[in-house]
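Trainee: One structure is given below, represented as structure tokens, and several questions about it will come after.
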Amino acid sequence: MDREREQRKNPVTGNLPHNHGDNIDRVLAKLPGQEECIQAAEMFKQISDGSRLRIFWLLCHCEECVSNIAAAMEMSDPAVSHHLKFLRKSGLIVSRKEGREVYYKMADTEQAQLVHRACEDMFRISCPTG
2 MDREREQRKN
12 PVTGNLPHNH
22 GDNIDRVLAK
32 LPGQEECIQA
42 AEMFKQISDG
52 SRLRIFWLLC
62 HCEECVSNIA
72 AAMEMSDPAV
82 SHHLKFLRKS
92 GLIVSRKEGR
102 EVYYKMADTE
112 QAQLVHRACE
122 DMFRISCPTG
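As numbered in our numbering, residues 2 to 131 make up the sequence shown, in order.
Here it is in structure tokens:
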């Protein structure tokens, strides 16, 4: 009975209807917030499309313009632009304008680097050198 009372005082586990004696206290103390999970889910949505994932991987290793990306992906410029819009919105890539040309590359963020490493692990490939 004392343990149940103590459980009710714990702000993390106090709302749980049962005490199974597991390590749920420690797990719930580290549980990400709703907003963090929404942001992570949005990022995963951006690379859930195979074409977008290929474009992202390419831009992890070089900076390119839409026309070159389209040629490499065997896609139209408008289709590539559509995918780039989503990748940019998610913060995985950045762009810069030089004259009339826009160049894209992977963003220099921890999230983009994590997604890049996850892609390489999934594909069982390593970054091209130099």
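Ideal Cβ placement from N, Cα and C applies to all residues, glycine included.
(1) For the 8 Å Cβ check, are there 3 or more pairs between the region 39–48 and the region 82–98?
(2) Could you please give the first and the last residue of the uninterrupted beta strand (DSSP E) stretch that includes R97?
(3) Would you call the region 95–112 and the region 61–72 touching, i.e. three or more CB-CB distances under 8 Å?
(4) State the DSSP-derived secondary structure class of R6, mapped to helix, strand or coil.
(5) Assuming A73 and L59 are in contact, meaning their beta carbons sit under 8 Å apart, how far apart are those beta carbons, in whole angstroms?
(6) Can you list the beta strand (DSSP E) stretches of 3 or more residues lying completely in the region 60–120, in chain order?
(7) Which value, in whole angstroms, describes the spacing of the CA atoms of D122 and N24?
(8) Look at A80 and L93 and say whether their C-beta atoms are less than 8 Å apart.
(9) Ends of the alpha helix (DSSP H) at L17?
(10) Report the rounded CA-to-CA distance for E75 versus F57, giving the unit in angstroms.
(11) Please go through the same chain and pick out, in chain order, the residues whose beta-carbon is closer than 7 Å to the beta-carbon of R27, but skip the five residues on each side of it.
(12) Excluding the 5 residues preceding and the 5 following R97 in the sequence, name in chain order all residues of the same chain whose CB lies nearer than 6 Å to its CB.
Mentor: Result, derived from the coordinates:
(1) yes
(2) Taking the sequence shown and counting its residues from 1, the one referred to as residue 97 is at position 96. Counting along the chain, the beta strand (DSSP E) containing R97 begins and ends at I94 to E99.
(3) yes
(4) Along the sequence shown, read from residue 1 onward, the residue named residue 6 stands at position 5. Low confidence applies to R6: its pLDDT is 47, below 50, so where it sits in the model is not reliable, and the reading given next is rough at best. Reduced to three states, the DSSP call for R6 is helix.
(5) Taking the sequence shown and counting its residues from 1, the one referred to as residue 73 is at position 72. Taking the sequence shown and counting its residues from 1, the one referred to as residue 59 is at position 58. Contact flag correct, Cβ pair sits at about 6 Å.
(6) 94–99 and 102–107
(7) The residue given as residue 122 occupies position 121 in the sequence shown. The residue given as residue 24 occupies position 23 in the sequence shown. One C-alpha to the other measures close to 30 Å.
(8) Taking the first residue of the sequence shown as position 1, residue 80 is located at position 79. Taking the first residue of the sequence shown as position 1, residue 93 is located at position 92. Cβ distance not < 8 Å, so A80 and L93 don't count as in contact.
(9) For the purposes of this step, residue 17 is taken as the residue at position 16 of the sequence shown. Premise fails: L17 is in no alpha helix (DSSP H) and is neither H nor E.
(10) As a position in the sequence shown, residue 75 is number 74, starting the count at 1. As a position in the sequence shown, residue 57 is number 56, starting the count at 1. E75 and F57: Cα-Cα distance of roughly 15 Å.
(11) On the sequence shown, residue 27 is found 26 positions in, with the first residue counted as 1. So no residue of the chain qualifies.
(12) The sequence position of residue 97 within the sequence shown is 96, counting from 1. The residues are Y104.
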